[in-house]
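Residue numbers (this note's numbering): 3 to 286.
As structure tokens, this is what we get:
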């Protein structure tokens, strides 16, 4: 009888996915990761008394205006019916639970690099957000862009999934900075110019120019930051104040308020260290 019970327990342990038994996300750590990923900015409407994560933020692009969805635990309007696998699939592969492809206005080309442990903690944090029934706004985009089936071809041509792997030849600080800028912070989504298909021009990585909303974004390579000392740059990332005393506005102001100002000093140092190593690209 005892042997039968032992065999039964072993079978159950083998049948249930290991992650559902052992992996318990750290919601507190996930909250910090959400700040590093600036999740709240794209999923919160820019109106007075907006409910965090209830969606509605407008993301302007050459293809029209996309609206960040509700990602609270609401079963109908939010992601209340999602499981952790659905979340991983969205972040790693840019796929909805029903298999449809997300528009790359959702920066999964960067989020694909987020590590499994960080995704688990992020998911744990998202599960703590109270449900809200705010309806999702329909994207205001051209009829040709609304078709999702061409996105499969776009992904096949221009998207590569894969988790960030630390470079053993680099210091821990450099690897941390690379990860924060390229994966969680998805900085290149705005600071790298794109071609007419919306594909980032990698030869101009982080060189700025025209952003997704058509407005000018700064060059973050050493050519663009040559007049900034590390102290000045770090102060800007915390307060949004330029060395000359001017204050940043609009999109970057939101990023600083909701993301970089909440990061640890060591993480800001790591990000700056990484930016200093980028190829020097002068503006065109």
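Every residue, glycine too, gets a C-beta built ideally from N, C-alpha and C.
Computed from a prediction, not measured in an experiment: that's the story for all the values here.
Residue nearest to residue 264 in terms of C-alpha spacing, selected from 42, 132, 28 and 230: 42
Are the stretch 187–197 and the stretch 118–131 touching, with three or more C-beta to C-beta distances below 8 Å? no
How is the beta strand (DSSP E) around residue 110 delimited, first residue to last? That residue, residue 110, is in no beta strand (DSSP E); its alpha helix (DSSP H) goes 110–113.
Suppose you measure from the CA of residue 193 to the CA of residue 215; what does that come to, to the nearest Å? 11 Å
Between residue 285 and chain B, is there a C-beta pair that is closer than 7 Å? Absence of chain B from the displayed structure is noted, only one protein chain being present.
Could you work out which residue in 277, 269, 271 and 219 is closest to residue 1 when comparing CA atoms only? Missing from the structure shown is residue 1; the chain here goes from 3 to 286 and no further.
Please look up how many angstroms separate the CB atoms of residue 35 and residue 124, rounded, as I've assumed it's under 8 Å. 5 Å
Those residues which DSSP pairs with residue 42 across a bridge: Partner(s): none; residue 42 has no beta bridge.
Quickly, what does DSSP pair residue 60 with across the bridge? List them, please. 69
Going by CA-CA distance only, name the one from 199, 184 and 283 that's closest to residue 39. 184
Classify residue 239: buried if its beta carbon has 16 or more other beta carbons within 10 angstroms, exposed otherwise. buried
Under DSSP, the alpha helix (DSSP H) around residue 91 begins and ends at which residues? 86–95
Compare the beta carbon distance of residue 95 and residue 205 with 7 Å and say whether it is the shorter of the two. no
With a threshold of 6 Å on Cβ separation, who are the neighbours of residue 102 within its own chain once the five nearest residues in sequence on each side are excluded? 150
For residue 2, three-class secondary structure by DSSP: Examination of residue 2 is not possible in this model, given that the chain is present from 3 through 286 alone.
Between the stretch 259–276 and the stretch 235–249, are three or more C-beta pairs nearer than 8 Å? yes
Would you list the residues sitting across from residue 103 in a DSSP beta bridge? 97
Give the straight-line distance between the Cα atoms of residue 137 and residue 224, rounded to the nearest whole angstrom. 43 Å
Residue 170: buried (16+ other C-beta within 10 angstroms of its C-beta) or exposed? exposed
Residue range of the alpha helix (DSSP H) that residue 274 falls in? 267–278
Cut-off 7 Å between Cβ atoms - residues of its own chain near residue 276, not counting five sequence neighbours on either side: 176, 179, 180 and 183
Keeping to the same chain, check which residues put their C-beta closer than 7 Å to that of residue 111; ignore five residues upstream and five downstream. 161
According to DSSP, which residues form a beta bridge with residue 219? 211
Going by CA-CA distance only, name the one from 229, 227 and 259 that's closest to residue 242. 259
Just to confirm, is the Cβ distance from residue 70 to residue 45 under 7 Å? yes
CB contact flag (residue 104, residue 74, <7 Å): no
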